[in-house]
Amino acid sequence: MRALNVTMEEVCDALYEGNELPAEFLQTLLKMAPTTDEQLKLRLFTGELSQLGPADQFLKAMVDMPFAFKRMEALLFMSTLKEELNSTIESFAVLENTMVLFSSCSKLHRVRHGLVVKVVVLYHQDISFCQS
1 MRALNVTMEE
11 VCDALYEGNE
21 LPAEFLQTLL
31 KMAPTTDEQL
41 KLRLFTGELS
51 QLGPADQFLK
61 AMVDMPFAFK
71 RMEALLFMST
81 LKEELNSTIE
91 SFAVLENTMV
101 LFSSCSKLHR
111 VRHGLVVKVV
121 VLYHQDISFC
131 QS
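Residue numbers for the sequence shown follow full-length UniProt numbering, so the first one is 1 and each next one is one higher.
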């Protein structure tokens with residue numbers, strides 16, 4: 001949190017209000033989510049918060065917040081949605097261009113096939129003409 005220059009209170013406010021947080025920060029927070037056993041210990045902790053280290057104080061605040069990690073997942077989804085959408089649009093554009101290319105290739109194939117048929121017909125006409 002120091003690297004991003006944000007306080008625990010600012011993170012908690014952002015989670016409560018649904019304000020945007022950097023995607024990398026949210027991913028880091030989600031990776032450090034406590035296990036069920038650790039959550040229980042943090043919930044049952046009744047001592048002074050100052051007895052805990054900064055990371056444990058933050059996790060205690062997260063555990064005490066309803067659905068804190070689900071909120072982080074939702075914010076992460078919202079922050080990456082635009083990028084994912086742009087990537088999907090680009091993929092569809094590539095597919096569309098490929099389909100246009102393939103359809104034009106099949107047209108060329110039909111034209112080429114038609115020319116071959118005409119050449120064969122003309123060749124046979126020339127042979128039959130020469131034989132008469």
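Every residue, glycine too, gets a C-beta built ideally from N, C-alpha and C.
By the neighbour-count criterion, in which a residue is buried when 16 or more other Cβ atoms sit within 10 angstroms of its Cβ, residue 11 is buried. Going by DSSP, residue 39 is part of the alpha helix (DSSP H) stretching over 36 to 44. The beta carbon of residue 60 is closer than 7 Å to those of 42, 45, 49, 52 in its chain, skipping five residues each way along the sequence.
Approximately 6 Å separates the beta-carbon atoms of residue 23 and residue 80; this is inside 8 Å, confirming the contact. Straight-line measurement puts the Cα of residue 36 at about 17 Å from the Cα of residue 73. With contacts defined as CB atoms closer than 9 Å, residue 39 and residue 63 qualify as a contacting pair.
The C-alpha of residue 70 is placed about 18 Å away from the C-alpha of residue 9. Here the C-alpha atom of residue 101 lies approximately 12 Å from the C-alpha atom of residue 93.
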